[in-house]
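Be aware that the sequence shown starts at 1, since it is given in UniProt numbering, and climbs by one per residue. Ideal Cβ placement from N, Cα and C applies to all residues, glycine included. Some notes on the structure that comes next.
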Amino acid sequence: MSQEEKLPKILIVEDDERLARLTQEYLIRNGLEVGVEPDGNRAIRRIVAEQPDLVVLDVMLPGADGLTICREVRPHYHQPILMLTARTEDMDQVLGLEMGADDYVAKPVQPRVLLARIRALLRRTDKVPEDEVAQRIEFDDLVIDNGGRSVTLNNELVDFTSAEYDLLWLLASNAGRILSREDIFERLRGIEYDGQDRSIDVRISRIRPKIGDDPENPKRIKTVRSKGYLFVKETNGM
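Rendered as structure tokens:
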């Protein structure tokens with residue numbers, strides 16, 4: 001890495017001092033700049049002020065908990081949030097995604113697994129490849145600009161997390177084609193679908209109202225039973 005290149009900056013929000021220190025040391029050894037914040041209330045202020053490249057966020061914290069932090073910072077912070085959840089607490093995982101987390105891992109987690117997830121999320125927010133910069137998709141009053149990674153509806157800019165945008169772009173750029181959950185997982189996260197992860201479904205439920213789709217009767221992003229999701233090219237008259 002040249003001197004001009006900056007190391008990706010990670011903020012770990014974790015109140016277990018030993019775990020946070022060991023994780024920090026491991027990530028630093030693997031080429032990341034890492035800060036640690038044990039207090040939930042201070043974490044909100046730091047995330048918004050420092051704008052790290054990624055946040056590793058525990059659910060259980062003194063002060064504001066992880067879910068509250070995620071909800072509070074999302075209007076002001078658009079980089080990935082990787083949430084740490086208890087292995088048996090499926091509801092924490094779902095709520096975290098609904099609050100705007102990009103991914104989650106269950107504790108206890110092996111450092112190499114955490115590093116792999118972090119790198120995968122950072123790759124998704126890297127500079128768009130040159131052959132994709134000019135890509136722009138329009139569907140009626142919905143415009144998705146992959147150069148600026150922006151979405152407008154009725155000429156109004158819509159706020160998306162990085163994970164939500166990546167999923168929307170994947171579906172929209174394959175409009176008219178059913179994408180299975182397996183396809184989506186492999187293309188967005190580089191891992192196989194385990195048959196249980198609900199992150200894609202939760203993210204779809206967040207995307208639909210943002211693009212003017214009725215969650216109860218979606219016409220733009222349809223769920224195809226036992227097959228996956230379909231982005232519909234034309235919704236007029238449907």
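query, result
"Entirely within the UniProt domain \"OmpR/PhoB-type\" (134-233) and at least 3 residues each: give me those beta strand (DSSP E) ranges in chain order.", "136-139, 142-145, 150-153, 156-158, 221-224 and 228-231"
"How would you call P129, buried or exposed, if buried means at least 16 neighbouring beta carbons within 10 angstroms?", "Note that P129 scores 48 on pLDDT, short of 50, meaning its location in the model is unreliable; the coordinates nonetheless yield the value given after this. By the neighbour-count rule (16 or more Cβ atoms within 10 Å), P129 is not buried but exposed."
"If we ignore side chains and look at the alpha-carbon of each, how far apart do W169 and N146 end up?", "8 Å"
"Is it buried or exposed, A20, if we count other Cβ atoms within 10 angstroms and call 16 or more buried?", "buried"
"When the Cα of G107 is compared with those of V224, V59 and A172, which residue comes out closest?", "A small fix is needed here, since residue 107 is Lys in this sequence, not Gly. When only C-alpha atoms are compared, the closest one is V59."
"Around the Cβ of L27, are there at least 16 other Cβ atoms within 10 angstroms (buried) or fewer (exposed)?", "buried"
"Does the distance from the CB of E33 to the CB of R46 come in under 8 Å?", "no"
"If you reduce the DSSP assignment to three classes, tell me which class G35 lands in.", "strand"
"Could you tell me the distance, in whole angstroms, from the CA atom of L84 to the CA atom of G212?", "31 Å"
"Got a sec? Which residues, its chain only, sit under 8 Å from R29 by beta carbon, not counting five neighbours each side?", "none"
"Specify the secondary structure class of Y104 as computed by DSSP and reduced to three states.", "strand"
"Considering only DSSP beta bridges, list what K9 is partnered with.", "E33"
"The alpha helix (DSSP H) with V73 in it runs from where to where?", "G66 to V73"
"Is V56 helix, strand or coil when you go by DSSP?", "strand"
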